[in-house]
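*Asks:* 244 is the number of the first residue of the sequence shown in my numbering; add one for each residue after it.
Provided herewith is a single structure, encoded as structure tokens, for subsequent inquiry.
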Amino acid sequence: MTNDETPPTLVPTSGVRFEDQVRVIRAYVVLSNNGTEPVHLKEVKGITRLARSQISGLNSYMVQLGLLEHVSRGHYKPTSAAVNLCSSAPGEEDFSQVTEVLEKSALFSLVQQYLRVHGGGSSSGLIEYIMEKAGTGETYRVQSAVEWLIRAGLVERDKE
244 MTNDETPPTL VPTSGVRFED QVRVIRAYVV LSNNGTEPVH LKEVKGITRL ARSQISGLNS
304 YMVQLGLLEH VSRGHYKPTS AAVNLCSSAP GEEDFSQVTE VLEKSALFSL VQQYLRVHGG
364 GSSSGLIEYI MEKAGTGETY RVQSAVEWLI RAGLVERDKE
């Protein structure tokens, strides 16, 4: 990464639960006519009732995950993986549809680095590592990010 590049957004914006993230992706899929037309974040705000700042911050994160494509200022389209994820009814998403794109994400690369050094074990060390790399003290944001990897079958949930 050069000095001109922005570091990847490793965790979702504050105050956005995992379920809300899925709802935002679903809104982009629906409003874009299954990924065929760009959608302005104001339209997503209107249908999801999340704050514009939350959606704006979430968009950068979703681009990093490979679920959204930035088209132009304020306009995004869901990727084919996001469209496939949302092809079933709300609450019945098949997260294996996004495994391939999540494997290419900066978040998954970071998780792989950690696991190559530390192996398995508790997720608390992994959560702390991602918190440090993401520059956040909010554990729930990292847990929400890791939830994508768990649901896609890329990381195992702790058995506690």
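Every residue, glycine too, gets a C-beta built ideally from N, C-alpha and C.
Which residue comes first and which comes last in the beta strand (DSSP E) that contains L293?
*Replies:* Counting along the chain, L293 falls outside any beta strand (DSSP E), and DSSP gives it neither H nor E.
*Asks:* Can you find the residues in the same chain that come closer than 7 angstroms, C-beta to C-beta, to S216, ignoring five residues on each side of it along the sequence?
*Replies:* Nothing about residue 216 can be read from this structure; the chain reaches only from 244 to 403.
*Asks:* Terminal residues of the continuous beta strand (DSSP E) containing S315?
*Replies:* Run containing S315: 311 to 315, per the beta strand (DSSP E) assignment.
*Asks:* Suppose the cutoff is 7 angstroms on Cβ atoms and the five residues either side in sequence are ignored; what does the same chain contact list for G300 look like?
*Replies:* Here the set comprises T256.
*Asks:* Three-state secondary structure (DSSP) at V282?
*Replies:* DSSP places V282 in strand when its eight states are reduced to three.
*Asks:* Look up K320 in the DSSP assignment and say whether it is helix, strand or coil.
*Replies:* K320 falls in the strand class under three-state DSSP.
*Asks:* Is V254 helix, strand or coil when you go by DSSP?
*Replies:* Correct three-state label for V254: coil.
*Asks:* Mind reading off the beta-carbon distance from I329 to E335? Whole number of angstroms is fine, and I expect it under 8 angstroms.
*Replies:* Note that residue 329 is Cys in the sequence shown, not Ile. Not quite, the Cβ-Cβ distance comes to about 10 angstroms (not below 8 angstroms), so this is no contact.
*Asks:* Taking the continuous alpha helix (DSSP H) assigned at G368, which residues delimit it?
*Replies:* Here the alpha helix (DSSP H) through G368 covers 366 to 377.
*Asks:* Return helix, strand or coil for G300, following the three-state DSSP convention.
*Replies:* Reduced to three states, the DSSP call for G300 is helix.
*Asks:* For R266, count neighbouring Cβ atoms within 10 angstroms of its own Cβ and tell me buried if that reaches 16, exposed if not.
*Replies:* Label assigned to R266: buried.
*Asks:* If you count every other CB in all the chains shown that lies within 10 Å of the CB of M244, and 16 or more means buried, which is it?
*Replies:* With a pLDDT of only 44 at M244, under the threshold of 50, the placement of this residue in the model should not be trusted; the figure read from the coordinates follows. It is exposed - the Cβ of M244 has fewer than 16 other Cβ atoms within 10 Å.
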